[in-house]
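I have placed the structure first, in the form of structure tokens, so that the comments after it can refer back to it.
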Amino acid sequence: MDIMLATGNKGKVRELQEMLIPVKNLGRIFFIGDFPDYPEVEETGSTFRENALLKAREAAARTGLISLADDSGLEVDALGGEPGVRSARFAGEPKDDDRNIDRLLNLLEGIGTERRGARFKCCLAIVTPDGGEYVTEGVCEGRILSERMGSGGFGYDPVFYLEKYKKTMAELSFEEKNRISHRAGAFTKAVSVLDHLAKQS
Ligand SMILES: O=P(O)(O)OP(=O)(O)OP(=O)(O)OC[C@H]1O[C@@H](n2cnc3c(O)ncnc32)[C@H](O)[C@@H]1O
Ligand SMILES: [Mg+2]
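Every letter in the sequence shown is one number past the one before it in this note's numbering, and letter 75, counting from 1, is 56.
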């Protein structure tokens, strides 16, 4: 079974590619770069689920392949759940991880540890060319530090602290992040869907 990985985010591509390795009967993985002029899908949904489905549907329609899309982001308690679905463009266009973190740290300045709770959420959508749709979700709880720590991962990882590991997501190894992240949580639930689709194809 071939699969289309419908994300333009290199960090996600790296992580999802690694997670796909143990999936049985997987054929070739296609990427956005394999399709010239692949459009950036406008994320007009108000939830991760809607946006993940928008991206996966577009990919399945364009490529004729079983398509996997990820919509994810950070919800911060002290900001009423922001930036949420706006995580990628929190500091405006063009999307920029570093400026997003700066904006987040500025907004949280002066806010105490106990009010810096946050979570990463990930919604994975799998859409088949004949219209089958499957969505799974994963969540990872943590809190936002007041400065960056670590150089792994991507996005908000350097300021996202995990109490259990006493490290930021950016201080975990690639393998560790891939075991415990919101993306890993969503992916684990998607494995049975992928196995099922692989058997059909
Ligand atoms: O839409 P695609 O093409 O998949 O790529 P994107 O980067 O725009 O992805 P999203 O629309 O899902 O926005 C998610 C943002 O949330 C943040 N994010 C998601 N997963 C993350 C992770 O594992 N670690 C750190 N930040 C993450 C990161 O800033 C992303 O830009
Ligand atoms: Mg996006």
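Glycine is no exception: its CB is placed at the ideal position from the N, C-alpha and C atoms.
Neighbour-count burial assignment, residue i, 16 or more Cβ in a 10 Å radius
i, result
"Phe155", "exposed"
"Pro75", "exposed"
"Gly119", "buried"
"Ala171", "buried"
"Ala185", "No answer is possible for residue 185: it lies beyond the span of the chain, which begins at -18 and ends at 182."
"Ser48", "buried"
"Asn32", "buried"
"Asn81", "buried"
"Lys(-9)", "exposed"
"Arg124", "buried"
"Glu128", "exposed"
"Gly73", "exposed"
"Ala50", "buried"
Simplified DSSP assignment, three categories, for residue i
i, result
"Arg100", "strand"
"Phe168", "helix"
"Lys180", "helix"
Min CB distance residue i to chain D below 7 Å
i, result
"Arg96", "The chain labelled as chain D is not found in the depicted structure, where only one protein chain is given."
Range covered by the alpha helix (DSSP H) that runs through residue i
i, result
"Glu(-1)", "-9 to 1"
"Leu34", "29 to 44"
"Phe155", "155 to 161"
Continuous beta strand (DSSP E) stretch holding residue i: start and end
i, result
"Val57", "47 to 57"
"Ile(-16)", "-16 to -14"
"Phe12", "10 to 12"
"Phe141", "141 to 143"
Check: residue i C-beta below 6 Å from any heavy atom of ligand 4
i, result
"Gly166", "Within the structure as shown, ligand 4 is missing, the only ligands being ligand 1 and ligand 2."
(request) Ignoring anything shorter than 3 residues or poking outside the stretch 66 to 137, list the beta strand (DSSP E) runs there in chain order. (result) 98 to 108, 114 to 125
(request) Can you list the residues near ligand 2, meaning Cβ strictly closer than 6 Å to any non-hydrogen atom, in the order they appear in the chain? (result) The chain-ordered list of residues whose CB is nearer than 6 Å to some heavy atom of ligand 2 reads Glu24, Ala69.
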